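Report on the following structure.
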């Protein structure tokens, strides 16, 4: 079972008719597919797909040593739509406009990258001269669901991607796929209700043991009508049992086969595919849609299930099949947003793959290839960002050293632990809420938009940090939702190319829901001056003795309790909520680089890490240098 599909895909002389027609998820196969399939083996250091029904049914018989290494999903804040000015921090009074996550369009990211199971399949990552430059995804704030996709029968997400997504608060689903030559495989699964139930239970067990969050069902072959009812039961039962055994899980159906058993992509939700939609948590529409398809889907939703609008995921292939895409993906996304449907972005790795041929031709070095990818990727996501809702961190303690999950070395507290190049997405830290680089039309601007980037020549922890050159105004780093009722310890680590001529400030935006007021809290050096506006105040950095007092009180900071380490400056602040109304929260964290007139345009600062944790209200009196939050006018 399943070998027919594998032989079909391995034969490079056979052209997939779906690719020829420009439909469906079967996009392209890597030249190495034959070698890859033959090399699959049971290896405790690798994450692997399953190729046969028997392997699926025997899942519990194999050992799964990495199952206990999966990180839980980090909680995130409620959703916010930041609009056109998503990079800018503003402090006008009024409510913070949150949107309930279930009531707004969702974003599903379907990761099809050269067939997958590449460097990411290794549990402990990989090392090697060029290995550190590979595709990395880091714009998690706008993503709700991450689907790990391959053309293997049962695609189990790799540990690297699982932990990378989970640490950034994103659900991960695997893929169950049966393609054109696999009709006999589908018939075998549906040979009887009893056998179908065994397959369902096995899929639930795989997700449960591997600790991911559900399935994309991609049935891309025809089926005799007598079996269609059982296929619908399969979808319904898998959804029900996933919900029962895996809280928060979901099952999504891909728009391909119809309720009549024909492989006919509808590109819309209608009476031909609605039975599958109604049996699960959502439908991923094929990419060949037009505005008329969206209008007909709108009519269906309005007439039959108004409460399920957000369960329709309109497909957009970033490579550009059937729609404007690539650097014009925002134009296509705008059409979907107009209908308030959810979106499924397929193959976002285009931002890396599209550069490879030219990079090889020009013989670019790894550093140059890395910069080229980051610039392309950031431009791509900047173009989309104004259309998307974002969610940031909301649980204390919170820590990020901004590592992307790869590097030319591995640092700990600014000291090199290994000088080997490495790639391991599981080591990626929680990433900022916004992209850094500007859209293409702003590429030549010299303002702050064009001076945010990941920096791979230095790091406090891991293999990278953030580099800032010209952030003269408050720029958002995280949209967040941290409570202040139990006080707040704030810490950040940074270094400057010219300490005498610049300073890097961490900016907190506190919000009082009762008074609908905002407060700008500037965490900077002891010589920092702020204005005398009602909604602005300076936080007092703790001296070394006061920082050590935090340790005595029980603080567990992930940064050293000192004012510097290995060339990195470290600042601690204690924010006391003793005189503010209940319900004060930090809703944004920003950054600001101040330069003296003597500073050079090339002077920069590196942000190595930030750390926040709850304070000690009962012992705050022991901290003479604490900063007392106040929404009253400063004197």
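In our numbering, the protein residues as written are 46 to 680. For every residue, glycine included, the Cβ atom is placed at its ideal position computed from N, Cα and C. All figures in this text were calculated on a predicted structure; none of them were measured in a lab.
query                                                                                                                                                                   : result
Alpha carbons only, please: which of 341, 192, 296 and 307 is nearest the one belonging to residue 271?                                                                 : 307
CB residue 165 to CB residue 205, shorter than 8 Å?                                                                                                                     : yes
With residue 509 as the anchor, note down where its beta strand (DSSP E) starts and where it stops.                                                                     : Run containing residue 509: none; DSSP gives neither H nor E here.
Exposed or buried, what is residue 333 when buried is set at 16 or more other beta-carbons lying within 10 Å of its beta-carbon?                                        : buried
Any idea if residue 191 is buried or exposed, counting beta-carbon neighbours within 10 angstroms, 16 or more meaning buried?                                           : buried
Pull up the distance between the alpha-carbon of residue 497 and that of residue 554, whole angstroms please.                                                           : 20 Å
Note down, in chain order, each residue of its chain lying with its Cβ closer than 6 Å to the Cβ of residue 172, except the 5 sequence neighbours on either side.       : 465 and 467
Using 10 angstroms around the beta-carbon of residue 650, count the other beta-carbons present and answer buried if the total reaches 16, otherwise exposed.            : buried
Would residue 508 and residue 612 be called neighbours here (beta carbons separated by less than 8 Å)?                                                                  : no
Are there 16 or more other CB atoms within 10 angstroms of the CB of residue 117, so buried, or fewer, so exposed?                                                      : exposed
When the distance is taken between beta carbons, is residue 304 closer than 8 Å to residue 318?                                                                         : yes
Ends of the alpha helix (DSSP H) at residue 13?                                                                                                                         : Since the first and last residues shown for the chain are 46 and 680, residue 13 lies out of range.
Counting only runs of 3+ residues fully inside the stretch 326-377, write out the beta strand (DSSP E) ranges in chain order.                                           : 327-330 and 357-362
Please report the straight-line C-alpha distance between residue 287 and residue 296, rounded to a whole angstrom.                                                      : 8 Å
Return helix, strand or coil for residue 315, following the three-state DSSP convention.                                                                                : coil
Give the DSSP-derived three-state secondary structure of residue 75 in the structure shown.                                                                             : In this prediction, residue 75 scores a pLDDT of 39, lower than 50, which makes its location untrustworthy; no coordinate-derived value is stated.
Measure the beta-carbon distance from residue 357 to residue 394 and round it to whole angstroms, keeping in mind my assumption that it falls under 8 Å.                : So it is not a contact: roughly 24 Å between Cβ atoms.
Apply the 10 Å Cβ neighbour rule to residue 349 and answer buried if 16 or more other Cβ atoms are within range, or exposed otherwise.                                  : exposed
Alpha carbon to alpha carbon, how far is residue 133 from residue 419?                                                                                                  : 21 Å
Does the Cβ of residue 210 have 16 or more other Cβ atoms within 10 Å, making it buried, or fewer, making it exposed?                                                   : buried
Please look up how many angstroms separate the CB atoms of residue 668 and residue 591, rounded, as I've assumed it's under 8 Å.                                        : 6 Å
Are the beta-carbon atoms belonging to residue 167 and residue 95 less than 8 Å from one another?                                                                       : no
What ranges does the beta strand (DSSP E) occupy inside the stretch 589-640, keeping only unbroken runs of at least 3 residues that lie completely in it?               : 613-621 and 629-640
Determine the contact status of residue 128 and residue 561, defining contact as a CB-CB distance below 8 Å.                                                            : no
Apply the 10 Å Cβ neighbour rule to residue 121 and answer buried if 16 or more other Cβ atoms are within range, or exposed otherwise.                                  : buried
Taking the C-alpha atoms as reference points, what is the distance between residue 239 and residue 274?                                                                 : 14 Å
Can you round the beta-carbon distance between residue 501 and residue 415 to whole angstroms, since I take them to be within the 8 Å contact cut?                      : 6 Å
Quick one: what does DSSP say residue 528 is sitting in, helix, strand or coil?                                                                                         : strand
In terms of residues, what are the limits of the beta strand (DSSP E) holding residue 735?                                                                              : With the chain covering only 46 through 680, there is no way to say anything about residue 735.
Output needed for residue 519: all residues of its chain with C-beta closer than 6 Å, excluding positions within five of it in sequence on either side, in chain order. : 134, 552, 635 and 637
Going by DSSP, name the residue or residues bridged to residue 216.                                                                                                     : 190
By alpha-carbon positions, which one of 563, 425, 400 and 640 ends up nearest to residue 687?                                                                           : The structure shown does not extend to residue 687, since the chain is modelled only from 46 to 680, so the question has no answer here.
Here's the rule I'm using: 16 or more other beta-carbon atoms within 10 Å means buried, otherwise exposed. How should residue 142 be labelled?                          : exposed
With C-beta atoms as the reference, is residue 355 less than 8 Å away from residue 658?                                                                                 : no
Can you check DSSP and say which residues form a bridge with residue 538?                                                                                               : 615 and 654
Among 109, 525 and 557, whose alpha-carbon lies nearest the alpha-carbon of residue 440?                                                                                : 525
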